[in-house]
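So the structure is just underneath, and the comments pick up after that.
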């Protein structure tokens, strides 16, 4: 069973920030938060991951609450090409077999 | 400069007729994975290879087998496809160590007639 809960769908206006929440209230101390996205008819694509500190890369920012029970993925300036299903996954660093996808959030970026 | 290649992108087979899906990688990664993704569902891990070591998920049906003849190639064999096996099959790779980000191929969509 997936260890995360996410809203089923969200809309965002093009050019605005998209904030995608994820609850992972049962996260263990050695589990990281990962985000992947899947654009229609493509394989999933890694976005970002973090343990407890906030993280930023060229694609997105990841904000993790102090108690680590929830996180938010931020796409600072959403474009139409960011329309995709976004998956929040918790997994242990270095494990090869615990990538458990939940239902994800379908983000639609609108003009 | 494709990194994880899956051929063909679309595969049609008949009920009960064995089918093999192919995956190759140019990343020289230790680990290769196969996922099944049914319509409107999330990907589900079937099994993975860590080098030559095969690791099956507990709920993967016996109908699904895999082969990894070398680092670059991995195959998914479906011995007797049923209608319920129609899905997108995704191959992924990762390094064995570190945060092992997974790199996915574009998938093969399997249709069972």
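Protein chains in written order, with our numbering: chain A, 1 to 111; chain B, 1001 to 1113. Glycine included, each C-beta is placed from N, C-alpha and C at the ideal position.
Ranked by Cα distance from residue 1022/B, the first of 1079/B, 1036/B, 1106/B, 1007/B is 1007/B. Per DSSP, reduced to three states, the secondary structure at residue 1084/B is helical. DSSP places residue 59/A outside any beta strand (DSSP E), giving it a letter other than H or E.
By the rule that beta-carbons nearer than 8 angstroms mark a contact, residue 1073/B does not touch chain A. Annotation: residue 1003/B is outside any beta strand (DSSP E) and is labelled neither H nor E by DSSP.
In the displayed model, residue 81/A falls within a helix according to three-state DSSP.
The shortest CA-to-CA distance from residue 79/A to any of 46/A, 12/A, 53/A, 6/A is the one to 12/A. Annotated as distal: residue 106/A and residue 34/A, with beta-carbon spacing of 8 angstroms or more. The alpha-carbon separation between residue 1059/B and residue 67/A amounts to approximately 33 angstroms. By the neighbour-count definition (other C-beta atoms within 10 Å, threshold 16), residue 87/A is a buried residue.
In the displayed model, residue 99/A falls within coil according to three-state DSSP, outside both helix and strand. Closer than 8 angstroms to the CB of residue 1102/B there is at least one CB belonging to chain A. If you draw a straight line from the Cα of residue 30/A to the Cα of residue 93/A, it is about 7 angstroms long. Judged by DSSP in its simplified three-state form, residue 37/A adopts strand. Residue burial is scored here from C-beta neighbours: residue 1054/B has fewer than 16 other C-beta atoms within 10 angstroms and is therefore classed as exposed. The Cβ of residue 111/A sits no closer than 8 angstroms to any Cβ of chain B. The criterion of a C-beta distance shorter than 8 angstroms is satisfied by residue 1092/B and residue 1103/B. Look at residue 47/A here: in three-state DSSP terms it is strand. About 28 angstroms separates the CB atoms of residue 1113/B and residue 1004/B; that is not less than 8 angstroms, and the two are not in contact.
Within the model, the alpha-carbon separation for residue 1107/B versus residue 1036/B is close to 9 angstroms. Under DSSP, residue 1067/B shares a beta bridge with 1075/B. Nearest to residue 19/A by C-alpha distance, out of 101/A, 45/A, 70/A, is 70/A.
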